[in-house]
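Residue numbers (the working numbering), protein chains in the order written: chain A, 131 to 558; chain B, 131 to 558.
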């Protein structure tokens, strides 16, 4: 954990280093991933079978390629009622938020008589990657699957590794609740390749979303353009802006809720009170040993944690925009004042009673958000990631008579005579 | 040019081959591009200087790195009045269409008292690549720059190669009209690298758009995730659906207006009348020798052109969706009937009086569109490519009391105790 103070002479250099630190793993998996993609493209199911046996240690022919949807429904029915209620509340709230995101078609006819507009439609099929192991979160299934279904995607295909054939029943329950249409026991770059290229067994999809390890992320990056993808995701982060009126224990828990995700997660506190900063740091140390996730959370906090002292909370705005954090918590009075000035953040949690964890599960907005300063240009997952816009234009004879001469002039200037001819022919 | 008939026994195989034909160049430039990106990242301006001397044959120190904005204004003033009027009409119409695209912020407070919504904002800076040579189109400058300015981008940076120091005055005039803020005499992968990483002279941008050759496209693809990009673009295409009531000369001009762009462009006619198909093919042959672009247009038409005969125009719908064409012209009576059934197309031109060329220049909708079947999942360029959405959430004590227990249950199920602690602390 590092401590910075905007009034220190080396602040700019140290803050710049914090901004530039990408926390990405050094492993360059691009060649290995390219080889897997090429193999799945060429050999299809045989390659998937072989790679699954090698990486996940199970035989797809023996365990079955797909998880039956009935098994997903059974997992949902078998849930503890409190947990099922929580999942259903989350699904309902996420659905409501994303329904409000659905874009409206547009159409207008201008003064010249040109009719034009745009029409939105869903992709035919989407793929959803769900990691195994530490990051096998049912909340992630809901957050990725529900926007697809709200967008109107007809076929939603889940891929998840099942090392040794084992699968997380919570993930299956969430898949049932979200209306996933197919569940395959396949993981890694080979799962992403199968989704993009299709195989004899697996029909291809048009868009692929969902979190994954470095191999999955690189596979999505390489296939971007052949299919749509949600975003290149890196390690996750939270930036908490807190004044001294906060309970240090609350803020410590917020910082560690990010840190416990992964050793490469980052938690940053900005405050205008050095004494409060000390008390939060003490609270973090008190809370850490109580967590079953202590090892991960401590590694993250000690390696990437940061506490930034500012003279005035208003000074945080410029720093926030430089970091463009995935999650921004504004635990201050009148958080709207700061929020109105911030330009770059993935999702903002306003006030003292809105811990990020509420948004992770069931606030409503999506928890799939741009990481690693990508909030400068990218947005959280939404129904738009599963839709596309078709623009349209319609001229009648009078409209083209009005616009035609200008189009002909421009075509001439660009040296495109057939463009000009196609317009000129219609001028009677 | 190939001719297909849906009633032929080999139709499905031949149509599938048409769908799968990606028409991409075989050249794999990914390693060369990666090397250029790495060099510009490490060496900055020195690498840009060297690569520009090598590839574009001019010395940036001698010609000047930037084109003065005064020079752009002078190019605009020097335009032939008819051409200037055409460019201004185009700019006005494109601006009006894209203003209507600006997304609305949203905010709601639900029954539980949770306040949530989303706020849109523009990226700080965007880069616009403008090719030199054959594809140096002023219309392309307008189509890429205007959405950025309408989105509210503060700094719009144009990069264009100036082989031998020469620059197209029409491109400069369009830059002036569109409000471009900086114009650099740099092209190729090195220009894209300089935009993404920044150099001592060139401040980095957040999003990069604009057409380019294979090197530029690959550079954008490799930098996707570090910056936003518009889309991976491939060769361009048009699909014209026409009944026998059309003038064959009109339809031939439409087909060739696509073909004349590039030898890898594709023009496809679908019709229900074999005799009409013959007459269009004859008209193409009549028109070709009259074009200054004959060589390119003929290469495209002979290599990639296709005429598909269908029994009924309604049969085109499934074929259109499989091709997901960049441009779709519906030159039929009541084009709305077909349009309502089509799911995948970049931009649609309705009726007999709407040649694609009108949309290329000044209909209003953007002419930067998804190619190579990407209309299955991607949209044309819009203000959204220069904006991002920040979601927000606000609970008060009562709201978190309502939602907290479910969040705690889910955090427990996911094995994330600090998530649970951050919520539990706020339940009084």
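Ideal Cβ placement from N, Cα and C applies to all residues, glycine included.
Buried or exposed for residue i, please, with buried defined as at least 16 other CB atoms from any protein chain shown within 10 angstroms of its CB.
i	result
residue 500 (chain A)	buried
residue 557 (chain B)	exposed
residue 294 (chain B)	exposed
residue 367 (chain A)	buried
residue 234 (chain B)	exposed
residue 274 (chain A)	buried
residue 146 (chain A)	exposed
residue 229 (chain B)	exposed
residue 343 (chain B)	buried
residue 139 (chain A)	exposed
residue 538 (chain B)	buried
residue 315 (chain A)	buried
residue 420 (chain B)	exposed
residue 297 (chain B)	buried
residue 312 (chain A)	buried
residue 292 (chain B)	buried
If the criterion is Cβ atoms closer than 7 Å, does the pair residue i and residue j meet it?
i	j	result
residue 167 (chain A)	residue 333 (chain A)	no
residue 357 (chain A)	residue 460 (chain A)	no
residue 159 (chain A)	residue 432 (chain A)	no
residue 544 (chain B)	residue 267 (chain A)	yes
residue 397 (chain A)	residue 435 (chain A)	yes
residue 422 (chain B)	residue 535 (chain A)	no
residue 185 (chain B)	residue 318 (chain B)	yes
residue 508 (chain B)	residue 350 (chain A)	no
residue 480 (chain A)	residue 498 (chain A)	no
residue 379 (chain A)	residue 555 (chain B)	yes
residue 189 (chain A)	residue 183 (chain A)	yes
residue 389 (chain A)	residue 413 (chain A)	no
residue 364 (chain B)	residue 502 (chain B)	yes
residue 256 (chain A)	residue 335 (chain A)	yes
residue 144 (chain A)	residue 394 (chain A)	no
residue 541 (chain B)	residue 549 (chain B)	yes
residue 213 (chain A)	residue 484 (chain B)	no
residue 369 (chain B)	residue 455 (chain B)	yes
residue 402 (chain A)	residue 458 (chain A)	no
residue 320 (chain B)	residue 170 (chain B)	yes
residue 490 (chain A)	residue 474 (chain A)	no
residue 149 (chain A)	residue 468 (chain A)	no
residue 482 (chain B)	residue 447 (chain B)	no
Give the C-beta separation of residue i and residue j to the nearest angstrom, bearing in mind that I take them to be a contact with Cβ-Cβ under 8 Å.
i	j	result
residue 516 (chain B)	residue 337 (chain B)	6 Å
residue 520 (chain A)	residue 249 (chain A)	5 Å
residue 308 (chain A)	residue 221 (chain A)	7 Å
residue 418 (chain A)	residue 410 (chain A)	No, residue 418 (chain A) and residue 410 (chain A) are not in contact; Cβ-Cβ is about 13 Å, not under 8 Å.
residue 530 (chain A)	residue 224 (chain B)	Actually they do not touch by this definition, with Cβ atoms about 17 Å apart.
residue 377 (chain B)	residue 486 (chain B)	Contact doesn't hold; Cβ gap of about 16 Å is too wide.
residue 362 (chain B)	residue 354 (chain A)	7 Å
residue 231 (chain A)	residue 513 (chain A)	5 Å
residue 286 (chain A)	residue 310 (chain A)	5 Å
residue 247 (chain B)	residue 236 (chain B)	5 Å
residue 178 (chain A)	residue 290 (chain A)	Not a contact, Cβ separation roughly 14 Å.
Start-end ranges of the beta strand (DSSP E) lying completely within the region 387–448 of chain A, minimum 3 residues: DSSP assignment within the region 387–448 of chain A yields the following whole beta strand (DSSP E) runs of 3 residues or more, N-terminal first: 396–401 and 436–439.
The region 533–555 of chain B: positions lying closer than 9 Å to chain A by Cβ: Here the close residues are 533, 534, 535, 536, 537, 538, 539, 540, 541, 542, 543, 544, 545, 546, 547, 548, 549, 550, 551, 552, 553, 554 and 555.
Contact set between the region 454–467 of chain A and chain B, restricted to residues whose Cβ is under 7 Å from the partner: Against chain B - using a Cβ distance shorter than 7 Å - the region 454–467 of chain A contributes no residues.
Which whole runs of the beta strand (DSSP E) in the region 473–501 of chain B are 3 residues long or more, in chain order? 477–480
For the region 338–358 of chain B, enumerate the residues whose C-beta is nearer than 8 Å to any C-beta of chain A, in chain order. 351, 354, 355, 357 and 358
Which full runs of the beta strand (DSSP E) of 3+ residues lie inside the region 210–286 of chain A, going along the chain? Entirely contained in the region 210–286 of chain A, the beta strand (DSSP E) runs reaching 3 residues are, in chain order, 236–239, 245–252 and 255–259.
Give me the subset of the region 416–442 of chain A whose CB atoms are less than 7 Å from a CB atom of chain B, sorted by chain position. For chain B, the residues of the region 416–442 of chain A that bring a beta carbon within less than 7 Å of one of its beta carbons are 417, 421, 422, 423 and 427, in chain order.
Using a Cβ-Cβ cutoff of 9 Å, what residues of the region 471–490 of chain B are near chain A? List them in chain order. 472, 473, 474, 475, 476, 477, 478, 479, 480, 481, 482, 483, 484, 485, 486, 487, 488, 489 and 490
Of all the alpha helix (DSSP H) runs that stay within the bounds of the region 318–394 of chain A, which reach a length of 4 or more residues? 318–327, 344–353 and 378–389
So if I threshold CB-CB distances at 8 Å, which residues from the region 262–279 of chain A count as touching chain B? 267, 268 and 269
Give me the subset of the region 228–240 of chain B whose CB atoms are less than 9 Å from a CB atom of chain A, sorted by chain position. 230, 231, 233, 236, 238 and 240
Of all the residues that make up the region 520–534 of chain B, which are near chain A by a beta-carbon distance shorter than 8 Å? 520, 521, 522, 523, 524, 525, 526, 527, 529, 530, 533 and 534
Alpha helix (DSSP H) segments (min. 4 residues) lying fully within the region 532–558 of chain B: 547–554
Identify each residue in the region 156–179 of chain A for which the Cβ-Cβ distance to at least one residue of chain B is less than 8 Å, and report them in chain order. none
Where the region 384–401 of chain B meets chain A: residues whose CB sits under 9 Å from a CB there: 384, 385, 386, 387, 388, 389, 390 and 391
Against chain B, which members of the region 194–211 of chain A pass a CB distance test of less than 7 Å? none
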